[in-house]
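Enquirer:
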Amino acid sequence: MTINKHILLAVSGGIAAYKSAELVRLLRKQGATVRVVMTRSAMQFVSPLTFQALSGHPVHSELLDADEENSMGHINLARWADALIIAPATANTLAKCSHGLADDLLSTLYLAATCPVYIAPAMNQAMWHKPVTQENIQKLKNHGVIVIGPEQGDQACGETGFGRMSEPAEICDRLMAEPTAQCLSGFKVLISAGPTREPLDPVRYITNRSSGKMGYALAKAALKAGAKVTLVSGPVSLAAPAGADVINVETAAQMHVAVIAKAPEHDIYIGAAAVADYSPALMENEKIKKQDSQTTLTLALQKTRDILAEVAQLPNRPFTVGFAAETHDLEQYALDKLARKNLDMIAANWVGRDQGGFDSEQNALQVFWKEGQRTLEMTDKNRLAEQLISLISERMEHERHNKNTA
Ligand code: C5P
29 MTINKHILLA VSGGIAAYKS AELVRLLRKQ GATVRVVMTR SAMQFVSPLT FQALSGHPVH
89 SELLDADEEN SMGHINLARW ADALIIAPAT ANTLAKCSHG LADDLLSTLY LAATCPVYIA
149 PAMNQAMWHK PVTQENIQKL KNHGVIVIGP EQGDQACGET GFGRMSEPAE ICDRLMAEPT
209 AQCLSGFKVL ISAGPTREPL DPVRYITNRS SGKMGYALAK AALKAGAKVT LVSGPVSLAA
269 PAGADVINVE TAAQMHVAVI AKAPEHDIYI GAAAVADYSP ALMENEKIKK QDSQTTLTLA
329 LQKTRDILAE VAQLPNRPFT VGFAAETHDL EQYALDKLAR KNLDMIAANW VGRDQGGFDS
389 EQNALQVFWK EGQRTLEMTD KNRLAEQLIS LISERMEHER HNKNTA
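First residue of the sequence shown: 29, per the numbering used here; consecutive thereafter.
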């Protein structure tokens, strides 16, 4: 698939700058338009002429240069970009960006950018491990920056360890995985989100800790990618995404009815809801009374219907994507669900760990399909949702291509 994407490559001063020349070549091969910004120290390592020749555009380096500002000012350059990649990102550049300094063109562009920002750090291993660098990296991640690498290995300084910039091919893949505008244009996407509530009596229910944030982020990402979106939502305290058709439900049974009714008219179904696996076998019409004589109370529960598995059984089913939240043996359970529920894709994440999962702003996903898998690193749920939507569109495109050439 050729993707015409505007990539702004910002090169800071490290020996890995030579690898970024190769990155320009790879990105252009994929159909991207690349413009390059260099810091003064980057120009000590590689000549701007190299980047000019490879990108086909003059290199930008000065913040306060009337000629450069006239040709394309820094704000216009930031607006132009679909993605900003800082590669290599030195420890100094990381420190400046994480603290919001804007004393040169690169750091100013970072502040002005509203597009996804990627950073490929490269530095000596001791500098990488220094607590202040790690704090800066964590800060940038918390701000939604996607960090690629660094890798472990031999370093230009003669040491061995973490700090090598990731290979240009790896960086190129990650950048091109980001959704281009409108990658789901013309598609209809059905998403289920949030927890379900299974009533025991008129005042009590069984539920779970799902906040609905991931499902709602997916709905927003799908809308941004140009899709028409139907969101079947359990009870959450989130605002409905503007432009989505929202169906509010409470119980697993209600969610089942809504999803099965809507699935046939959609191209994609993403089951991001934390559906109750069991619900009370009987809902009492009156409040269950506390009995002084009883120290324990046994509830009879019955299995709910598996909405995801039933969607996957429908004739002409949509491209069906499930979620697997696991506390252990993530890959094994995810692959088992992929096969058992006959899914096209499954996005697995850890729960009950320090970061990510239920009710968190951040998450990481390990995504599996029959022939492959991809890791989507820990980042905020909106960015993660955009990456998952992009991956879904990529896999659908791949399958369509295979069908057409079969
Ligand atoms: O089997 P497990 O519940 O772990 O699978 C999780 C996936 O299945 C999620 O995508 C969830 O939305 C879906 N699911 C469902 N109906 C159920 C239970 C889970 O659609 N009753």
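For each residue, glycine too, the CB sits at the ideal point set by N, CA and C.
Can you tell which of 409, 88, 380 has its C-alpha closest to the C-alpha of residue 393?
Expert: The shortest Cα separation from residue 393 among 409, 88, 380 belongs to 409.
Enquirer: Check whether the Cβ of residue 334 sits closer than 8 Å to any heavy atom of the ligand C5P, and report yes or no.
Expert: Residue 334: yes, Cβ under 8 Å from the ligand C5P.
Enquirer: Compute every distance between the C-beta of residue 74 and the non-hydrogen atoms of the ligand C5P, then say whether any falls below 8 Å.
Expert: It does not: the Cβ of residue 74 is nowhere closer than 8 Å to a heavy atom of the ligand C5P.
Enquirer: On a Cα-Cα basis, can you pick out the residue from 74, 62, 127, 85 that is closest to residue 110?
Expert: Selected option, being the one with the closest Cα: 62.
Enquirer: At 3 residues or longer, what runs of the beta strand (DSSP E) sit wholly inside the stretch 186–220?
Expert: DSSP runs (the beta strand (DSSP E)) wholly in the stretch 186–220: 188–192.
Enquirer: Nearest to residue 288 by alpha carbon, out of 341, 270, 264?
Expert: Among 341, 270, 264, the Cα nearest to that of residue 288 is on 341.
Enquirer: Just verifying my parser: in three-state terms, what is the DSSP assignment at residue 273?
Expert: Here residue 273 sits in strand by DSSP.
Enquirer: Assuming the contact rule is C-beta atoms closer than 8 Å, residue 325 and residue 308 should be a hit. Round their C-beta distance to whole Å, please.
Expert: Going by Cβ atoms, the distance from residue 325 to residue 308 rounds to 12 Å, so no, they are not a contact pair.
Enquirer: For residue 102 and residue 77, which I take to be in contact (beta-carbon distance under 8 Å), what is that distance rounded to the nearest angstrom?
Expert: The pair is not a contact, with the Cβ atoms about 22 Å apart (cut-off 8 Å).
Enquirer: Between residue 216 and residue 407, is the Cβ-Cβ spacing less than 9 Å?
Expert: No, the pair does not count as a contact, with Cβ atoms beyond the cut-off.
Enquirer: Tell me whether residue 313 is buried or exposed, calling it buried when 16 or more other Cβ atoms sit within 10 Å of its Cβ.
Expert: Residue 313 comes out exposed.
Enquirer: Can you tell me whether residue 301 is helix, strand or coil according to DSSP?
Expert: Residue state, collapsed to three classes: coil.
Enquirer: Would you kindly report the start and end of the unbroken beta strand (DSSP E) that includes residue 145?
Expert: Note, residue 145: beta strand (DSSP E), 145–149.
Enquirer: In the DSSP output, which residue or residues are listed as bridge partners for residue 138?
Expert: In DSSP, residue 138 forms no bridge with anything.
Enquirer: Can you tell which of 218, 81, 293, 107 has the C-alpha that lies nearest to the C-alpha of residue 36?
Expert: Comparing Cα positions, the closest option is 107.
Enquirer: Would the stretch 188–199 count as touching the stretch 227–242 if we require 3 or more Cβ pairs under 8 Å?
Expert: Because the criterion of three Cβ pairs below 8 Å is not met, the stretch 188–199 and the stretch 227–242 do not touch.
Enquirer: Quick one: what's residue 400 bridged to in DSSP?
Expert: According to DSSP, which records beta bridges pairwise, residue 400 is partnered with 397.
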